[in-house]
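Those protein sequences? They're chains A, Z, D and E, same order as listed.
All residue numbers for the first sequence refer to my numbering, where the first residue is 5 and numbers rise by one.
All residue numbers for the second sequence refer to my numbering, where the first residue is 7 and numbers rise by one.
All residue numbers for the third sequence refer to my numbering, where the first residue is 11 and numbers rise by one.
All residue numbers for the fourth sequence refer to my numbering, where the first residue is 209 and numbers rise by one.
Every residue gets a Cβ at the ideal spot worked out from N, C-alpha and C, and that includes glycine.
Step one of this worksheet: look at the structure below.
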Amino acid sequence: MEHHRHDVVVVGAGIAGLYAAMKAGESADVGVLSKVYPTRSHSGAAQGGCAAALGNEGNDSWEFHFYDTVRGGDFLGDQDAQELLVKEAIPVMYEMEHLGVPFSRTAEGKIAQRPFGGHFADFGKTAVKRACYAADRSGHAQLHCLYEQSLKQGVRFYNEFFVISLIIEDGTCRGLVALEIRTGVLHAFWARAVMLATGGYARAWRVTSNSHANTGDGLALVAAAGVPLEDMEFVQFHPTGLYPHGILISEAARGEGGYLFNNDGMRFMEKYAKSKMELAPRDVVSRAEQTEIDEGRGIDGGEYLHLDLTHLGEKTILERLPQIHELVVKFAGIDCTKKPIPTQPTAHYSMGGIPTDLDTRVLRDGKKQAVEGLFASGECACVSNHGANRLGTNSTLEAAVFGRRGGMVMARFVKEAGPILPGAERPTREAEEGFEHLCASSGPESAKRIRAELQASMTDNVGIFRTAAKLQKQVALIRDLKARFENVGISDRSRRFNTEITELIELKYMLDFSEVIAVSALAREESRGAHSRNDYPKRDDNQWLRHTLAFREADGSLRLDYKPVVITRFQPEERKY
Amino acid sequence: MERQFKIYRFNPEAAPAASFQTYTVDIQHAWTVLDALNAIKWDQDGSLSFRRSCRHGICGSCAMKINGKNGLACEVQVESLKGVITVEPLPGFKVIRDLVTDMDGFFSHLEAVKPWLIAGTPPTDKERVQSPEDRKLIDGLYECILCGACTSACPSYWVNDDFLGPAALLKAARYVMDTRDDGLTDRLDVLDSRNGIWRCHTIFNCVEACPKSLNPTEAIVKLRQKLAALRI
Amino acid sequence: MTVERGRGSGGFWWWMMQRVTGILLFPVLMVHYVVTHLHTSHYVEYDKIAARVATPAWKFLNILFLTIVLLHGLYGVWNVLLDYLSKRPVLRAVLYSIVVTIGLALYVLGLVTIVPFSA
Amino acid sequence: MYRWHPGYLAWLLNRVTGLAVTLYLGVHIWVIHHLSQGRQGFDRVMHFIQSPVTMVFELLLIGAVLYHGINGVRIMLVEFAGVSRHQKVIFVGVLAFTGILFLSAVVAAIPHLVSH
Numbered sequence: 005m006e007h008h009r010h011d012v013v014v015v016g017a018g019i020a021g022l023y024a025a026m027k028a029g030e031s032a033d034v035g036v037l038s039k040v041y042p043t044r045s046h047s048g049a050a051q052g053g054c055a056a057a058l059g060n061e062g063n064d065s066w067e068f069h070f071y072d073t074v075r076g077g078d079f080l081g082d083q084d085a086q087e088l089l090v091k092e093a094i095p096v097m098y099e100m101e102h103l104g105v106p107f108s109r110t111a112e113g114k115i116a117q118r119p120f121g122g123h124f125a126d127f128g129k130t131a132v133k134r135a136c137y138a139a140d141r142s143g144h145a146q147l148h149c150l151y152e153q154s155l156k157q158g159v160r161f162y163n164e165f166f167v168i169s170l171i172i173e174d175g176t177c178r179g180l181v182a183l184e185i186r187t188g189v190l191h192a193f194w195a196r197a198v199m200l201a202t203g204g205y206a207r208a209w210r211v212t213s214n215s216h217a218n219t220g221d222g223l224a225l226v227a228a229a230g231v232p233l234e235d236m237e238f239v240q241f242h243p244t245g246l247y248p249h250g251i252l253i254s255e256a257a258r259g260e261g262g263y264l265f266n267n268d269g270m271r272f273m274e275k276y277a278k279s280k281m282e283l284a285p286r287d288v289v290s291r292a293e294q295t296e297i298d299e300g301r302g303i304d305g306g307e308y309l310h311l312d313l314t315h316l317g318e319k320t321i322l323e324r325l326p327q328i329h330e331l332v333v334k335f336a337g338i339d340c341t342k343k344p345i346p347t348q349p350t351a352h353y354s355m356g357g358i359p360t361d362l363d364t365r366v367l368r369d370g371k372k373q374a375v376e377g378l379f380a381s382g383e384c385a386c387v388s389n390h391g392a393n394r395l396g397t398n399s400t401l402e403a404a405v406f407g408r409r410g411g412m413v414m415a416r417f418v419k420e421a422g423p424i425l426p427g428a429e430r431p432t433r434e435a436e437e438g439f440e441h442l443c444a445s446s447g448p449e450s451a452k453r454i455r456a457e458l459q460a461s462m463t464d465n466v467g468i469f470r471t472a473a474k475l476q477k478q479v480a481l482i483r484d485l486k487a488r489f490e491n492v493g494i495s496d497r498s499r500r501f502n503t504e505i506t507e508l509i510e511l512k513y514m515l516d517f518s519e520v521i522a523v524s525a526l527a528r529e530e531s532r533g534a535h536s537r538n539d540y541p542k543r544d545d546n547q548w549l550r551h552t553l554a555f556r557e558a559d560g561s562l563r564l565d566y567k568p569v570v571i572t573r574f575q576p577e578e579r580k581y
Numbered sequence: 007m008e009r010q011f012k013i014y015r016f017n018p019e020a021a022p023a024a025s026f027q028t029y030t031v032d033i034q035h036a037w038t039v040l041d042a043l044n045a046i047k048w049d050q051d052g053s054l055s056f057r058r059s060c061r062h063g064i065c066g067s068c069a070m071k072i073n074g075k076n077g078l079a080c081e082v083q084v085e086s087l088k089g090v091i092t093v094e095p096l097p098g099f100k101v102i103r104d105l106v107t108d109m110d111g112f113f114s115h116l117e118a119v120k121p122w123l124i125a126g127t128p129p130t131d132k133e134r135v136q137s138p139e140d141r142k143l144i145d146g147l148y149e150c151i152l153c154g155a156c157t158s159a160c161p162s163y164w165v166n167d168d169f170l171g172p173a174a175l176l177k178a179a180r181y182v183m184d185t186r187d188d189g190l191t192d193r194l195d196v197l198d199s200r201n202g203i204w205r206c207h208t209i210f211n212c213v214e215a216c217p218k219s220l221n222p223t224e225a226i227v228k229l230r231q232k233l234a235a236l237r238i
Numbered sequence: 011m012t013v014e015r016g017r018g019s020g021g022f023w024w025w026m027m028q029r030v031t032g033i034l035l036f037p038v039l040m041v042h043y044v045v046t047h048l049h050t051s052h053y054v055e056y057d058k059i060a061a062r063v064a065t066p067a068w069k070f071l072n073i074l075f076l077t078i079v080l081l082h083g084l085y086g087v088w089n090v091l092l093d094y095l096s097k098r099p100v101l102r103a104v105l106y107s108i109v110v111t112i113g114l115a116l117y118v119l120g121l122v123t124i125v126p127f128s129a
Numbered sequence: 209m210y211r212w213h214p215g216y217l218a219w220l221l222n223r224v225t226g227l228a229v230t231l232y233l234g235v236h237i238w239v240i241h242h243l244s245q246g247r248q249g250f251d252r253v254m255h256f257i258q259s260p261v262t263m264v265f266e267l268l269l270i271g272a273v274l275y276h277g278i279n280g281v282r283i284m285l286v287e288f289a290g291v292s293r294h295q296k297v298i299f300v301g302v303l304a305f306t307g308i309l310f311l312s313a314v315v316a317a318i319p320h321l322v323s324h
């Protein structure tokens, strides 16, 4: 095993991880581990934009953004975190512009802004242009810029290093063990501060907008170390995944004026959100779509609907939505300037995650007690900004705001915390033994079958509409799959770039957190935001205005605990669009 | 429908020389080459190694040579290909294993061109102003996904992997052409070096290879024009 | 894999020189060709050539021609070599010396033909 | 794929013709140097090299020079006129133009070849 030392080690090189690395890199020695080359991170797939109430294209204020975020999250978000998010959005957006992000521009040369679902001025009244964008490659532009700035800052990158274990002793995180995929060699990284910025987990669903890499690694890693996971039942389904792959068609398509039609040629959002139509928040639109599909009004009775852009005209589409045009041609063979796009809801984003405080410190009891030296930001973390449902364009925003904040906090922390502790033998040996055990897997079970069953069942049972029966079935199924996983076998015995092993570890991670999702969802007997229970169709603030915390006990079982929601300014009210 | 895939295999741990292995895959409608590779890996041969991530052409992981042409496996529809489909790693790069190539040099060349905004004046507390027309100057430059297809197709790079290559130079152009950037002179020691922009012979292989329809040759030409304006 | 820093040979001015000499070669070569092959009878005869080469104006033109064509041609050769010799600095230096030597030798050979010539 | 499309062919031909013409240049300077040796010396060497075979070579040389020069125009158009998107069409033009001029040179040379 090779050993490395850095003041700060960041795991994951999306927008959150890179922003943290870049900021911490201003005064500390930073190493970034990423299981893919940094520019391959899934932040780059974000298309539509990044919210900030700059007011460049109409009257806007952070207070309106605050209200939209609270209401969009169905009042489950912690309002102290949400206020911080929307306030810092403004300077962070300017900072990103200064760093070089190639934003699209208004006629006066300011950062251009576009409408998006759930963005309103005057506390929910009229649509407002709030999403700052670079055509429909906003995430790509931000990701590349931050990677390049990190290079400038002298951040050390360990590309294609896959973390297999965190080293946490006596409530302090001291480092981690990672697999260098290229060689198959394990490396121990010792650090004062470790930040997890490993992104989302929607790969656990069959129909998903997520990349192959989005397997929730960071979540499984902290859960294995006894840290709880928060609000895992809240999974966002994006309304416009390209049928049948589920590839993302940005909400910008509706922001720019796209319509949704069912098989009867009806703009069915009239029935579900009369005033906001297609620009209602994502959970509302996805439920509407699923209802249309379930009631047989999908196109030709199938599992998709039409997203129609044709009335926008070729010029607008090619100028504002060029990537969408390209994607639809390449993956559906359809020219969206002439024909509607077949779309379906697709698993997209995890509102829940690793509980942190406002300074991105990971909370080992989920409430107050931090794990010293362990931080998390971006999609894998849960501060909680998004509550029960995330507003479009708040994801890259959260990654930027809290990644940046975490970077600065870590830089201060390592300065005060003293030298890196010497390496300990036991945790690295345990990680090595676990890894060798997996490499030697030679049972009769097929990883592919386990993964396919997991993904199909998550889409069926933990999809847009949930019931106790489906969720109970899913919990039992996952436990069965976990048992079968113990007898899995692989054929590749080589150590060199062995992706069969990395896929196997990812599957193990997915089984771990999927169980948490199903168990948390089963317990929450209400409908709120993205969590929609047919058997409990109403939101229940008396019982359920609280965050779920799921602990993995030493015996492998799950224990649920809850904590109150932070409410500062906006009292819960009925959510109507 | 069944299709045959002839795939480049190389693993120095097992055998010193590379070989081709043929697989038959039952292709479903709208499958891309990546879907087929996944099917092979998951159903037939777990030892086949390749990179993939976003599966919709924005991350640049799965660039490889498919029927002689560089492209993203996740974007190439199997139905658009004829005959036995030959899949090889990107040419010009060292192969680590199977379809996986060593991209470290590629990324170090990127870093060499100082791919970050070098502004002449400190920023205000608002955004820098840039007109839509000025912003248009970097259209066709900022969209690069760093998949490596262009550099891998460049004859100048084939014979000299110290040549910065089209991708790094496109990135340099993305900053040099940005009206907010004043860093041309800072980048000269790299761009105007023996392995800089002069090693491009306007062969246009990079343009043929780019899966995003970008034009790195034009970008390099623009850098030369900028340099000429500076020197004369 | 190292990225060479500092301006090596093959920089801007050489590139520009190649364009300028290329443009100049066009008319010069045209004149050269028309005068030697079309304006006269086909056979290249000593008398005709000698009479022309001996005049001061033609001497000037021929020296100019010799200069730019050698620059263009040998820099072209050097440029080809540069493509293949990035990793072999010693060989590159040797071949560079050879190219320069050949260039100078041909230049001298040309000059001693043109300058002192009298019919 | 990357060895036979217009841009690649254009470059390869440019390189080959350039090297060939440069090689000829060296020989040419050496031949013409014989002028200094007076009529006998010059005629001797001219007699030695003027044959139908060298005429064919000279024709090829003309072709090479034509291509190299006309393609040089193409390169400069690409480099200075911002026409790289149309480089394929331009290359076809280069070939056509080269071909026409080369054929006229061949036609012009035929009587000399025959009379020799």
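_Taking only three categories from DSSP, how would you classify I115 (chain A)?_
Translated into positions along the first sequence, residue 115 (chain A) becomes position 111. Here I115 (chain A) sits in strand by DSSP.
_Span of the beta strand (DSSP E), counted from its first residue to its last, around A197 (chain A)_ = By one-based count along the first sequence, residue 197 (chain A) stands at place 193. Counting along the chain, the beta strand (DSSP E) containing A197 (chain A) begins and ends at 189 to 200.
*From G86 (chain D) to L227 (chain E), what does the alpha carbon distance come to, in whole angstroms?*
In the third sequence, counting from the first residue as 1, residue 86 (chain D) sits at position 76. In the fourth sequence, counting from the first residue as 1, residue 227 (chain E) sits at position 19. Taking the straight line from one Cα to the other gives about 8 Å.
*If you run the structure through DSSP and keep just helix, strand and coil, what is S446 (chain A)?*
The residue given as residue 446 (chain A) occupies position 442 in the first sequence. Three-state DSSP puts S446 (chain A) in a strand.
_When you compare the CB of N211 (chain Z) with every CB in chain D, is at least one pair closer than 8 Å?_
Within the second sequence, residue 211 (chain Z) is the residue found at index 205, counting from 1. Cβ-Cβ to chain D under 8 Å: no for N211 (chain Z).
*Please report the residue range of the beta strand (DSSP E) in which Q10 (chain Z) lies.*
As a working mapping, residue 10 (chain Z) is identified with position 4 in the second sequence. Looking at the DSSP string, the run of the beta strand (DSSP E) that includes Q10 (chain Z) is 8 to 15.
*Where K132 (chain Z) and L194 (chain Z) are concerned, what is the direct C-alpha to C-alpha distance, given to the nearest angstrom?*
Reading the second sequence from its first residue, position 126 is the one you call residue 132 (chain Z). Reading the second sequence from its first residue, position 188 is the one you call residue 194 (chain Z). Each residue's Cα considered, the two are about 30 Å apart.
_Selection from A:A292, A:L508, A:F107 that minimises the alpha carbon distance to G52 (chain Z)_ = As a position in the second sequence, residue 52 (chain Z) is number 46, starting the count at 1. Cα-wise, what sits closest to G52 (chain Z) is A:L508.
*Counting along the chain, where does the alpha helix (DSSP H) carrying K334 (chain A) start and finish?*
Looking up residue 334 (chain A) in the first sequence gives position 330. Per DSSP, K334 (chain A) belongs to the alpha helix (DSSP H) from 326 to 336.
*Mark R286 (chain A) as exposed unless 16 or more other C-beta atoms lie within 10 angstroms of its C-beta, in which case mark it buried.*
For the purposes of this step, residue 286 (chain A) is identified with residue 282 of the first sequence, where counting begins at 1. Flag for R286 (chain A) reads buried.
*With DSSP as the reference, label P18 (chain Z) as helix, strand or coil.*
Your numbering for residue 18 (chain Z) matches position 12 in the second sequence. In this structure, P18 (chain Z) counts as coil in the three-state DSSP scheme.
*Where V387 (chain A) sits in the DSSP three-state scheme*: As a first step, residue 387 (chain A) is located in the first sequence; it is residue number 383 there, counting from the start. Residue state, collapsed to three classes: coil.
*Could you tell me whether the Cβ of G301 (chain E) comes closer than 8 Å to any Cβ of chain D?*
Here residue 301 (chain E) refers to the residue found at position 93 of the fourth sequence. So, not an interface residue.
*Considering only the beta carbon of each residue, do V84 (chain Z) and W122 (chain Z) sit closer than 8 Å?*
The sequence position of residue 84 (chain Z) within the second sequence is 78, counting from 1. The sequence position of residue 122 (chain Z) within the second sequence is 116, counting from 1. Taking 8 Å as the Cβ cut-off, V84 (chain Z) and W122 (chain Z) do not qualify as a contacting pair.
*Contacting positions in the segment 221 to 232 of chain Z - beta carbon closer than 9 Å to chain E*: N221, T223, E224, V227, K228, R230, Q231
*Count the other CB atoms, across all protein chains shown, that sit within 10 Å of the CB of T130 (chain A); report buried if there are 16 or more and exposed otherwise.*
For the purposes of this step, residue 130 (chain A) is identified with residue 126 of the first sequence, where counting begins at 1. Label assigned to T130 (chain A): exposed.
*Helix, strand or coil at L285 (chain E) according to DSSP, with G and I counted as helix*: As a first step, residue 285 (chain E) must be located in the fourth sequence, where it is residue number 77. Three-state DSSP puts L285 (chain E) in a helix.
*Since S354 (chain A) is in the alpha helix (DSSP H), which residue starts that stretch and which ends it?*
For the purposes of this step, residue 354 (chain A) is identified with residue 350 of the first sequence, where counting begins at 1. Unbroken run through S354 (chain A) is the beta strand (DSSP E), 345 to 354; no alpha helix (DSSP H).
*Cβ neighbour criterion (16 or more within 10 Å) applied to I505 (chain A)*: Indexing the first sequence from 1 puts residue 505 (chain A) at position 501. I505 (chain A) is buried by the Cβ-count criterion.
*First and last residue of the alpha helix (DSSP H) that includes R291 (chain A)?*
Here residue 291 (chain A) refers to the residue found at position 287 of the first sequence. That run of the alpha helix (DSSP H) goes 286 to 298.
*Identify whether K177 (chain Z) lies in helix, strand or coil by the three-state DSSP scheme.*
For the purposes of this step, residue 177 (chain Z) is taken as residue 171 along the second sequence, with counting starting at 1. The answer is helix: DSSP assigns K177 (chain Z) an H, G or I state.
_Give me the chain A residues within the contact set of Q136 (chain Z), using Cβ-Cβ distance strictly less than 7 Å, ordered along the chain._
Mapped onto the second sequence, residue 136 (chain Z) falls at position 130. Correct list: R109, G113.
*Could you check the C-alpha separation between P66 (chain D) and S128 (chain D) for me, to the nearest Å?*
Here residue 66 (chain D) corresponds to residue number 56 of the third sequence, with the count starting at 1. Here residue 128 (chain D) corresponds to residue number 118 of the third sequence, with the count starting at 1. Looking at the two C-alpha atoms, the distance is approximately 10 Å.
*For Y210 (chain E), name the three-state secondary structure that DSSP assigns.*
Start at 1 with the first residue of the fourth sequence, and residue 210 (chain E) comes out as number 2. The answer is coil: DSSP assigns Y210 (chain E) none of H, G, I, E or B.
*So which residues of chain D does I237 (chain E) contact, with C-beta pairs closer than 7 Å?*
Counting from one through the fourth sequence, the residue named residue 237 (chain E) turns up at place 29. Result: L116, L119, G120.
*asked:* If we define contact as Cβ-Cβ less than 8 Å, is R205 (chain Z) a contact residue for chain D?
replied: In the second sequence, residue 205 (chain Z) corresponds to position 199, counting from 1. Answer yes: the Cβ-Cβ gap between R205 (chain Z) and chain D drops below 8 Å somewhere.
*Using CA coordinates, which residue listed in A:V413, A:N491, A:E429 is at the minimum distance from A32 (chain A)?*
Within the first sequence, residue 32 (chain A) is the residue found at index 28, counting from 1. When each option's Cα is compared against that of A32 (chain A), the closest is A:V413.
_List, from N- to C-terminal side, the alpha helix (DSSP H) runs of 4 residues or more that fit wholly inside the segment 32 to 81 of chain Z._
39 to 45
*asked:* Between the alpha carbons of T185 (chain Z) and H46 (chain A), how many angstroms are there, rounded?
replied: Start at 1 with the first residue of the second sequence, and residue 185 (chain Z) comes out as number 179. Start at 1 with the first residue of the first sequence, and residue 46 (chain A) comes out as number 42. When rounded, the distance between both Cα atoms is 29 Å.
*Drop a sphere of 10 angstroms on the beta-carbon of L322 (chain A), count the other beta-carbons inside from all chains shown, and report buried for 16 or more, exposed for fewer.*
Taking the first sequence and counting its residues from 1, the one referred to as residue 322 (chain A) is at position 318. Answer is exposed; the Cβ neighbour count stays below 16.
*Can you say whether G300 (chain A) is buried or exposed, counting buried as having 16 or more other CB atoms within 10 angstroms of its CB?*
For the purposes of this step, residue 300 (chain A) is taken as residue 296 along the first sequence, with counting starting at 1. G300 (chain A) comes out exposed.
*How about W212 (chain E): is its C-beta nearer than 8 Å to some C-beta of chain Z?*
For the purposes of this step, residue 212 (chain E) is taken as the residue at position 4 of the fourth sequence. Chain Z, which has no Cβ nearer than 8 Å to the Cβ of W212 (chain E), makes this no.
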